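Engineer:
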Amino acid sequence: MATFSQYRRWVYWSSSDLKCCRCKEKLSKILCSLRDKYGIEKTEYEDKDDRVIVRGNFPTDKLRSVIWCKAGRKLIRDITVVDLAPLLDHWQ
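Counting the sequence shown from 1 gives a position; the working numbering is that position plus 2.
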């Protein structure tokens, strides 16, 4: 079992087009179905930058692979994992 320190808390990814209502709806359905299983706390959609921010306590590698499989390459351009540890050290 993984410890808390192995989990990261933020995942960013670039979508192909969040202004498209079908694309945004598909992403919403995928993330809602994964919310309880992976511990997703908050999801933010930035339509201007075509970016989705997912926050929570989850194993990022597993979540990343599940999102790639369910959404596909046409819907998602890139997935980036942000580790909070360096950010928290910087703020203290």
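Cβ coordinates follow ideal geometry from the N, Cα and C atoms, glycine included. All of these numbers come straight from a predicted model, not from anything done at the bench.
1. Can you tell me where the alpha helix (DSSP H) holding Arg-57 begins and where it ends?
2. For Asp-38, count the other beta carbons within 10 Å of its own beta carbon; 16 or more makes it buried, fewer makes it exposed. Which is it?
3. For the putative contact between Ser-17 and Arg-79, defined by C-beta atoms under 8 angstroms, what is the C-beta separation to the nearest angstrom?
4. Mapping the DSSP letters down to three states, classify Asp-63 as helix, strand or coil.
5. Determine the closest residue to Cys-25 out of Ser-67, Val-13, Ala-73, with distance taken between C-alpha atoms.
6. Would DSSP call Ser-18 helix, strand or coil?
7. Using a Cβ-Cβ cut-off of 8 angstroms (strictly less than) and excluding sequence neighbours within five positions of Gly-41, which residues of its own chain qualify?
Structural biologist: Reading it off the structure:
1. For the purposes of this step, residue 57 is taken as residue 55 along the sequence shown, with counting starting at 1. Per DSSP, Arg-57 belongs to no alpha helix (DSSP H); it is in the beta strand (DSSP E), 53-60.
2. For this step, residue 38 is matched to residue 36 along the sequence shown. Looking at its Cβ environment, which holds fewer than 16 other Cβ atoms inside 10 Å, Asp-38 is exposed.
3. As a working note, residue 17 is residue 15 in the sequence shown. As a working note, residue 79 is residue 77 in the sequence shown. Contact holds; Cβ gap of about 7 angstroms.
4. On the sequence shown, position 61 is the one that residue 63 refers to. DSSP, read as helix, strand or coil, puts Asp-63 in helix.
5. If you number the sequence shown from 1, residue 25 lands on position 23. Closest option to Cys-25, Cα to Cα, is Ala-73.
6. Here residue 18 refers to the residue found at position 16 of the sequence shown. Three-state DSSP puts Ser-18 in coil, outside helix and strand.
7. Looking up residue 41 in the sequence shown gives position 39. Hits under 8 angstroms: Gly-58, Asn-59, Phe-60.
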